[in-house]
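The block underneath contains the structure these notes are about, expressed in structure tokens.
Protein chains: 2
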Amino acid sequence: MATYTAPLRDMQFVLDELLELEHYADLDGFADAPRDVSTAILEEAGRLASGVLAPLNAVGDHLGCRLENAEVSTAPGFREAYRLYAEGGWTGLTASPAYGGQGLPHVLGIAVREIMTSANLAFSMFAGLSHGAANAIANGGTAAQKALFLPPMIAGRWTGTMNLTEPHCGTDLGLLRSRAHPQADGSYRISGTKIFISAGEHDLAENIIHLVLARLPDAPAGVKGISLFIVPKFLVNPDGSLGARNGVQCGSLEEKMGIHGNPTCVMNYDDATGYLLGEAHQGLKVMFVMMNSARLAVGVQGLSLASVAYQNAASYARDRLQGRAPGGAIAPERVADPIVAHPDVQRMLLSQRAFVEGGRALAYWAGLQVDLAHKHPDPEVRESANDLLGLLTPMIKAYCTDQGVESISLAMQCFGGHGYIREWGIEQLLRDARITPLYEGTNGVQAMDLVARKLKLNEGRALKRFMALVEDFCQEQGAQLGDCTVALQQALGDLKLATAYLLERSDPATSGAAAVDYLHLTALVAFGLQWARMALIADRHLADSDDSTGFYRAKRLTARFFFERILPQTAIHLQRVRAGAEVLSAFDPEQF
Amino acid sequence: MATYTAPLRDMQFVLDELLELEHYADLDGFADAPRDVSTAILEEAGRLASGVLAPLNAVGDHLGCRLENAEVSTAPGFREAYRLYAEGGWTGLTASPAYGGQGLPHVLGIAVREIMTSANLAFSMFAGLSHGAANAIANGGTAAQKALFLPPMIAGRWTGTMNLTEPHCGTDLGLLRSRAHPQADGSYRISGTKIFISAGEHDLAENIIHLVLARLPDAPAGVKGISLFIVPKFLVNPDGSLGARNGVQCGSLEEKMGIHGNPTCVMNYDDATGYLLGEAHQGLKVMFVMMNSARLAVGVQGLSLASVAYQNAASYARDRLQGRAPGGAIAPERVADPIVAHPDVQRMLLSQRAFVEGGRALAYWAGLQVDLAHKHPDPEVRESANDLLGLLTPMIKAYCTDQGVESISLAMQCFGGHGYIREWGIEQLLRDARITPLYEGTNGVQAMDLVARKLKLNEGRALKRFMALVEDFCQEQGAQLGDCTVALQQALGDLKLATAYLLERSDPATSGAAAVDYLHLTALVAFGLQWARMALIADRHLADSDDSTGFYRAKRLTARFFFERILPQTAIHLQRVRAGAEVLSAFDPEQF
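The structure is reproduced here in structure tokens:
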């Protein structure tokens, strides 16, 4: 079974040394989590994750969820774990104190989320979706809706879901058919079938608050006619107590590749009572607030599973004896050397490490932008943070899930044939992780969001700001990093050329043909900036001989590995961007 | 459920037009399979695969194998399917007529193997392992052993296995502990535990012939003290009839990520009677003949599963309606266009196609080298074919399984969230395929075979020959291919630089650090040569307006896609090779 220990040292490095959170003490919530408090919170999260959630991960995978009489039971242990999770205050960590939350920084919330997800993705999805649904109500709800729904959701007594997909309608929400009919009392009757609803029905909470996209009778066709509704599993009386069972039921559970611990439900709405959330026909606006936060969270899922897979692969590689090190035995007293002595195993471990640590730095940086965008007093800072977040969200969702799967696959490879066997737990991580490039918008959709929307929004302001950040870093501090800076500048040059190529060509075929490669190129540069910043910090400590644990030396070597072997991939992405759409367009679809 | 139709047109293109098998009619067996016969054989294989094996693929996955009282039952339908398979003569297709085989060319055997594997990997492994075991007996056995064991194995009445791995001993066979004690009658008593034995016990055949590595009492330590033994499940009387049950039992079945239709057994040998195969202490020599053939077959597995995944993804992409094509609606009468109209979906499909068709060309070419190496009258041709095969085997095993997994993952991505759901069958293909980079020597081991052995063998003769083939092609015929040839020459230049770098540095750390990237670089050039040859043929037909079905146009465009977007990856592999081992060696293993 895979085991998990929260990588607290590296998390603290990112929060305290890289992002220097202490500089933001003026922002709401930051003063409540100075360094010692955030450390204590992460330690506590790590204890729950290692002690309770991680041991349940294989249980959820093996036993899955069961549907009987329209009720779903989760695997043994999940109820108790969720109770501990809610009681520990984890469901309300970053939520508004006005509704019972702790109001702590989002960046800290991301770190906690990483820990919980590493231990048990299927479990973490219950809380993750609730968090998103509560956010949507907080952003788009009326005062009465907030007062009624938020406190129990934030306390973890109720959970939430997102209901977008229908059998014939995934990416293309314009095809949505679910209907909402207004009632005399101001409520609506919702009917339709939704699929792929994670945590749509379960036994962890007293109530489930579904957020459901549907069309009003007078709705315009397409995406401009979609409204969002709050549809509780149990109707809620004005005093917050539970009323009658609503007309929504789980029709079946999907059999799937992984995340068996979380029920993926077909949800049937049959004249269910719902309440409009936000304005009529403007449902996607509210939903997209939720989706953006969910997309960032999914990117963190890719990173989280890669982190736990890496830990287990490294541990296996230190224990497994096989063959001898290239330079001669390093454990001559044993029958063979540990396989960590083999350069190819070192290469695989460092590849994982470069992704996991770089991804952590990038995701937490994005988390900080959420805080800045919401809480900073200076509108220019808020705008800049929002711009950056708009770019980073699709990048992190797509790159960190594509590379997350790849990284876990490398972890499996470190185990040899044993990696394919259930008992080691790696194969579950790979199966679980494979959902992440698919849900919350496939990675192709993320890439189109970046290329077709974000790239051109406000005359490309966001990307210009991002590239200027990298450029400024190279000019102001890069000289100290030598070859690493040369590599970063080269990658930035590739990004500039790719960007210019796309901005000169406005046809959507070229954008579509280039999208995924452009996203990977951009993400590599973003990783490069984080690695360069981290390398500088490491160099300072090494220059001061302040490295008693070897942490900074390892960080510096991993940075070099990244610049030597990972970042130069920007060149092939540029080449593919420039290949354009000619071959794709010329290929007869019937020949596929 | 995934469906399968053998891609006969493309297979015939490779056999007849690319490899021009008719030129080899003088070689043993080739005259028995002229174009019309080989076409009929592939059609018949396709019927069995689509009609019988493919529908059993999900059954094997869901129901798996069961162990009761040391007997293993396969999933319902497997026995009957195996009976049909054996009765159809597929177990003896390429085996020697002296023992009941049909003696057909190995290259045709590879094509048939691709078809059967695409339909059902777990099923195909039973016959694949038997084929390998029979080959080993044919190569290393005494006349009596061949006469006794080969006819029923070739007829499919008995199957075979390979027993190498032990719990503490995988790649490092020197650690092997199983023991063999000589008996007065010339036989041996074998004791030990073997793990990961595919098809180690089952109900498809009357007998199972295990080939088992073990040590004799006087064996030198390490790999020079390993002998190979024939250990039948039922002892065999001199007349070929079955005798007593031998002392070998399946102790348990592994729970694993995929290939559930094939039992992965722990095999316990307890004073089992065995017979020395080949010479004492020389077991690895015979085993490696079997392993090399198995490695080529595993490479074909990666390709086969990618082929069926591609078919299903293409079919889904033509059916699924979502969004509109970038240039405006192509199906304005429908609610949306098929997703095959989206450039990113086209990109994913062409990436798969470039791999599958290029891999098919390369694997069949390697299959032809097997025939040439065994059957050609000219010793120089045999030597050259052997050289090439030595290079191609690790390349195809590792690259075609790494890329096979990647290609199936792209196929899943074409399905969006539906790809994660069991009913579509894609997730099974991905789980099944993930064993292929692990077994028969991990891909890292293949890369070390290439870099540490094959590269330097006979002063690098094999690689020089391979590079000369590419060079000559570019000079003699490349002018007609324009940019494609420029790309191929660039890739060859990268290979030369990487080769020179490695030949100048003899330290094993550098070889190990570079191995996997060097293998991928080499394989890309090998794919490039095949794609260039195929593009030339396509151009000839297009120039003659001989393309009524659009086959050659599609082939030519796929070639261009490969040269524009896939082949240029050689640059990053060269860069990584040149990064050397410095960072890897400097990293403290305790820091992982």
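Line order of the protein sequences matches chains A and B. So the first sequence is numbered by full-length UniProt numbering: it starts at 1 and just counts up by one. So the second sequence is numbered by full-length UniProt numbering: it starts at 1 and just counts up by one. Where is the CB? At the ideal position from N, CA and C, for every residue including glycine.
What in chain A is Cβ-close to P105/B, meaning under 8 Å? As a working note, residue 105/B is residue 105 in the second sequence. Those within 8 Å of P105/B in chain A number zero; the least Cβ separation is about 29 Å.
In the DSSP assignment, what residue or residues form a beta bridge with I208/A? As a first step, residue 208/A is located in the first sequence; it is residue number 208 there, counting from the start. Bridge partners of I208/A according to DSSP: T159/A.
Let me know the beta strand (DSSP E) ranges lying completely inside the stretch 53-105 of chain B, each 3 residues or longer, listed in chain order. List check, beta strand (DSSP E) in window: 66-68, 71-73.
Any beta carbon of chain B sitting closer than 8 Å to that of P589/A? Counting from 1 along the first sequence, the entry for residue 589/A is found at position 589. It does: the Cβ of P589/A has a partner Cβ on chain B nearer than 8 Å.
Measuring only the C-alpha atoms, how far is residue 642/A from G283/A? Missing from the structure shown is residue 642/A; chain A here goes from 1 to 592 and no further.
In chain order, what residues of the same chain lie with their CB nearer than 6 Å to the CB of A171/B, ignoring the 5 residues before and after it? Here residue 171/B is taken as the residue at index 171 of the second sequence, counted from 1. With the sequence shown as reference, residue 171/B is identified as Thr, and Ala is not the correct amino acid for it. Same-chain partners within the cutoff: V445.
Can you name the start and end residues of the beta strand (DSSP E) that Y188/B belongs to? Residue 188/B sits at position 188 when you count from the first residue of the second sequence. From DSSP, the beta strand (DSSP E) with Y188/B extends over 188-198.
Opening and closing residue of the beta strand (DSSP E) in which I230/A lies: Position 230 of the first sequence holds residue 230/A. 227-232 is the extent of the beta strand (DSSP E) around I230/A.
From E206/B, A373/B, A221/B, P263/B, pick the residue whose C-alpha is nearest to that of D28/B; which is it? Walking along the second sequence from the start, residue 28/B turns up at place 28. Cα-wise, what sits closest to D28/B is A373/B.
Alpha carbons only, please: which of A244/A, A138/A, T393/A is nearest the one belonging to L211/A? Numbered from 1 along the first sequence, position 211 holds the residue referred to as residue 211/A. Taking L211/A as reference, the option from A244/A, A138/A, T393/A with the minimal CA-CA separation is A138/A.
Answer with yes or no whether the minimum CB distance from L21/B to chain A is below 8 Å. Residue 21/B sits at position 21 when you count from the first residue of the second sequence. Not an interface residue.
Taking only beta-carbon positions, decide if R576/B is within less than 8 Å of chain A. Counting from 1 along the second sequence, the entry for residue 576/B is found at position 576. Yes, R576/B lies at the interface with chain A (some Cβ there is under 8 Å from its Cβ).
Assuming S118/A and L296/A make a contact with CB atoms under 8 Å, what is their CB distance in whole Å? One-based indexing of the first sequence puts residue 118/A at position 118. One-based indexing of the first sequence puts residue 296/A at position 296. Between S118/A and L296/A the beta-carbon gap is near 16 Å, outside 8 Å, which marks them as no contact.
Between L129/B and M162/B, is the Cβ-Cβ spacing less than 8 Å? Here residue 129/B corresponds to residue number 129 of the second sequence, with the count starting at 1. Here residue 162/B corresponds to residue number 162 of the second sequence, with the count starting at 1. Result yes, Cβ atoms of L129/B and M162/B sit closer than 8 Å.
Any C-beta of chain B within less than 7 Å: which residues of the stretch 171-184 of chain A qualify? The stretch 171-184 of chain A vs chain B, Cβ under 7 Å: T171, D172, L175.
Can you grab the Cα-Cα spacing for the pair S187/B / L276/B, in whole Å? Counted from its first residue, the second sequence places residue 187/B at position 187. Counted from its first residue, the second sequence places residue 276/B at position 276. Rounded to whole angstroms, S187/B to L276/B spans 7 Å at the Cα level.
Residues of chain B with a CB under 9 Å from the CB of K256/A: which are they? Numbered from 1 along the first sequence, position 256 holds the residue referred to as residue 256/A. Taking the beta carbon of K256/A as reference, the chain B residues within 9 Å of it are Y420, I421, R422, E427, listed in sequence order.
Do A136/A and V37/A count as a contact pair if the criterion is CB distance below 8 Å? Against the first sequence, residue 37/A aligns to sequence position 37. Against the first sequence, residue 136/A aligns to sequence position 136. Their beta carbons are not under 8 Å apart, which means V37/A does not touch A136/A by this criterion.
State the CB to CB distance for the pair L429/A and A363/A, rounded to an integer number of angstroms; the pair is presumed to be in contact (CB under 8 Å). On the first sequence, position 429 is the one that residue 429/A refers to. On the first sequence, position 363 is the one that residue 363/A refers to. With a beta-carbon spacing of about 18 Å, L429/A and A363/A fall beyond the 8 Å limit used to define contacts.
Do Y269/A and S124/A come within 8 Å of each other at the CB atom, strictly closer than that value? Start at 1 with the first residue of the first sequence, and residue 124/A comes out as number 124. Start at 1 with the first residue of the first sequence, and residue 269/A comes out as number 269. The beta carbons of S124/A and Y269/A sit no closer together than 8 Å.
For Y501/A, does the three-state DSSP call read helix, strand or coil? Here residue 501/A refers to the residue found at position 501 when the first sequence is read from its first residue. Three-state result, Y501/A: helix.
Got a sec, what are the start and stop residues for the alpha helix (DSSP H) H520/B sits in? Looking up residue 520/B in the second sequence gives position 520. Start and end: 508-543.
If you measure from the beta carbon of V340/A to each beta carbon in chain B, is any gap under 8 Å? As a working mapping, residue 340/A is identified with position 340 in the first sequence. Under the 8 Å criterion on CB atoms, V340/A is classed as interfacial with respect to chain B.
How should S384/B be labelled, buried or exposed, when 16 other C-beta atoms within 10 angstroms of its C-beta is the threshold for buried? What you label residue 384/B is simply residue 384 of the second sequence in a count that begins at 1. By the C-beta density criterion, S384/B is buried, having at least 16 other C-beta atoms within 10 angstroms.
If we call anything under 8 Å between Cβ atoms a contact, is A433/A one with G404/A? Taking the first sequence and counting its residues from 1, one reaches residue 433/A at position 433. Taking the first sequence and counting its residues from 1, one reaches residue 404/A at position 404. For A433/A and G404/A, yes; Cβs fall inside 8 Å.
Name the chain A residues whose beta carbon is nearer than 7 Å to that of G327/B? Within the second sequence, residue 327/B is the residue found at index 327, counting from 1. Correct list: A509.
Would G174/B and G222/B be called neighbours here (beta carbons separated by less than 8 Å)? As a working note, residue 174/B is residue 174 in the second sequence. As a working note, residue 222/B is residue 222 in the second sequence. Between G174/B and G222/B, the CB-CB gap stays under 8 Å.
Go ahead and label M348/B buried or exposed: buried means 16 or more other beta carbons lie within 10 angstroms of its beta carbon, across all protein chains shown. Taking the second sequence and counting its residues from 1, the one referred to as residue 348/B is at position 348. Counting Cβ neighbours within 10 Å, M348/B comes out buried, since at least 16 surround it.
Which one or two residues does DSSP pair with L253/A in a beta bridge? Numbered from 1 along the first sequence, position 253 holds the residue referred to as residue 253/A. According to DSSP, which records beta bridges pairwise, L253/A is partnered with C265/A.
DSSP state of Q369/A, grouped into three classes? Taking the first residue of the first sequence as 1, we reach residue 369/A at position 369. Look at Q369/A here: in three-state DSSP terms it is helix.
Just to make sure I have the definition right: I need the residues of chain E whose C-beta is within less than 7 Å of the C-beta of V335/A. Which are they? Looking for chain E here will not work: the only protein chains present are A and B.
Among the candidates A199/A, L542/A, A6/A, whose CA atom is the shortest distance from the CA of A75/A? For this step, residue 75/A is matched to residue 75 along the first sequence. Distances from the CA of A75/A to each of A199/A, L542/A, A6/A were compared; the closest alpha carbon is that of A199/A.
Taking 8 Å as the limit between beta carbons, can you name the residues of its chain near A155/A, skipping five residues before and five after? Numbered from its first residue, the first sequence carries residue 155/A at position 155. Counting only residues of its own chain and dropping the five nearest sequence neighbours on each side, A155/A has a CB closer than 8 Å to the CB of A86, T91, G92, G100.
Beta-carbon separation of G278/B and G140/B under 8 Å? Counted from its first residue, the second sequence places residue 278/B at position 278. Counted from its first residue, the second sequence places residue 140/B at position 140. By the CB criterion at 8 Å, G278/B and G140/B fall inside the cutoff.
In whole angstroms, what is the alpha-carbon distance linking G328/B and V335/B? Here residue 328/B refers to the residue found at position 328 when the second sequence is read from its first residue. Here residue 335/B refers to the residue found at position 335 when the second sequence is read from its first residue. Near 13 Å, if we compare the C-alpha coordinates of V335/B and G328/B.
Own chain partners of R47/A with C-beta closer than 6 Å, once the 5 adjacent residues on each side are dropped: Stepping through the first sequence from its first residue, residue 47/A is reached at position 47. The answer is none, since no qualifying residue turns up.
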